[in-house]
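Residue numbers (full-length UniProt numbering): 1 to 200.
Before any comments, here is the structure.
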Amino acid sequence: MPKRVDHEQRRRQIGEALLRIASTRGLQSATMREVAAEAGVSLRLVQYYFHTKEQLLVAALAYLGEQLTERVAASIRALGPVTPRTVVYGTLTAVLPTDEESVRLTRAYTGFYTLVFSDPELARRHGATYPDKLESLLARQIAAAQEAGQVAAEVDPALGAAALLALTNGLGSSVLGGQRDGAAARLILEDQLGRLFRPG
1 MPKRVDHEQR RRQIGEALLR IASTRGLQSA TMREVAAEAG VSLRLVQYYF HTKEQLLVAA
61 LAYLGEQLTE RVAASIRALG PVTPRTVVYG TLTAVLPTDE ESVRLTRAYT GFYTLVFSDP
121 ELARRHGATY PDKLESLLAR QIAAAQEAGQ VAAEVDPALG AAALLALTNG LGSSVLGGQR
181 DGAAARLILE DQLGRLFRPG
């Protein structure tokens, strides 16, 4: 009896091969042939599941989003009861490249966005989806903390969320660039979070 093929598993195998390329060599010169070699499959199979490189990029970005979401959820759970403060803290510290997994995730995102922002059409179609969702989540949590008296009334939740995400992204770049290590970056982020949230 012929072996049954799990098509989603095959798609994920190929998409994750692209993510490995993104996190090690960047995506500017990644070809479908290179992805096939990384995945250990034929070029024809890659083209069967993904007719264009853009389709492959979008699928790989979705897989990357799933991985980051799982990491964020685990980070929040580790902080105890779920509160606006633990959601903001857990989310941003999970995104910060402080260990092997988060460095891999950050490098993969950097590879994707470097490629996307060099192509205005690709950027228009796919560039800001995940960051926008993340920023909105942070803004909602800051607003909820404000209602509970944990954040000062004069803070603008949207601006606060944008500033924290920009800080985290900048710290991530400084870690990848060797300016500081993950522990030092985390201290800076924790300092800013301490200024935003009132004690207790």
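Yeah, the Cβ is synthetic: ideal placement off N, Cα and C, and Gly gets one too.
May I have the straight-line CA-CA distance separating residue i from residue j, to the nearest angstrom?
i	j	result
Tyr49	Val58	13 Å
Ala161	Leu45	42 Å
Gln67	Arg195	30 Å
Asp6	Ala39	15 Å
Gly170	Leu43	37 Å
Leu19	Val103	12 Å
Ser75	Glu100	15 Å
Asp191	Ser118	34 Å
Val82	Glu34	43 Å
Gly65	Ala108	11 Å
residue 203	Ala144	Because the chain is modelled from 1 through 200, residue 203 falls outside the range shown and cannot be assessed.
His51	Glu121	18 Å
Arg25	Leu164	28 Å
Buried or exposed: which applies to residue i, given that a residue is buried once 16 or more other Cβ atoms fall within 10 Å of its Cβ?
i	result
Gln141	buried
Glu8	exposed
Gln146	buried
Arg85	buried
Val95	buried
Pro97	buried
Ala73	exposed
residue 208	Absent from the structure is residue 208, since the part of the chain shown begins at 1 and ends at 200.
Gly149	exposed
Gly80	exposed
Ala139	buried
Ala183	exposed
Which one of the options has the shortest CA to CA distance from residue i?
i	options	result
Leu56	Ser75, Gly177, Leu27 and Ala148	Leu27
Ala22	Val116, Ala153 and Thr52	Val116
Ala78	Leu68, Gly90 and Glu121	Gly90
Thr106	Thr31, Gln192, Gly177 and Gly15	Gly177
Glu135	Val175, Ala184, Gln150 and Leu167	Leu167
Arg12	Arg25, Ala183 and Ala36	Ala36
Glu54	Leu189, Phe112, Gln150 and Leu165	Phe112
Leu92	Thr69, Ala144, Val151 and Asp181	Thr69
What are the start and end residues of the alpha helix (DSSP H) that includes residue i?
i	result
Thr98	Thr98 -> no alpha helix (DSSP H), and no H or E assigned at all.
Arg12	His7 to Thr24
Arg198	From DSSP, Arg198 is part of no alpha helix (DSSP H); its letter is neither H nor E.
Ser118	Where Ser118 is concerned, there is no enclosing alpha helix (DSSP H), given that its DSSP letter is neither H nor E.
Val46	Leu43 to Tyr49
Glu154	Run containing Glu154: none; DSSP gives neither H nor E here.
Among residues of its own chain, excluding the 5 on either side of residue i, which ones have a beta-carbon nearer than 8 Å to its beta-carbon?
i	result
Asp155	As written in the sequence, residue 155 is Val, which differs from the Asp given in the question. Excluding positions up to five away in sequence, the list reads Ile142, Gln146 and Leu196.
Pro2	Note that Pro2 has pLDDT 48, beneath the 50 cutoff, so the model's placement of it is unreliable and the number below is only indicative. Cβ within range, chain order: n/a, list empty.
Ser173	Thr110
The ligand FAD heavy atoms versus the CB of residue i: any closer than 7 Å?
i	result
Ala143	Ligands displayed in this structure: none; no statement on the ligand FAD is therefore possible.
Can you name, in chain order, every residue of its own chain whose Cβ lies under 6 Å from the Cβ of residue i, other than the five neighbours on each side?
i	result
Arg71	Ala94
Ala60	Gly15, Leu18 and Leu19
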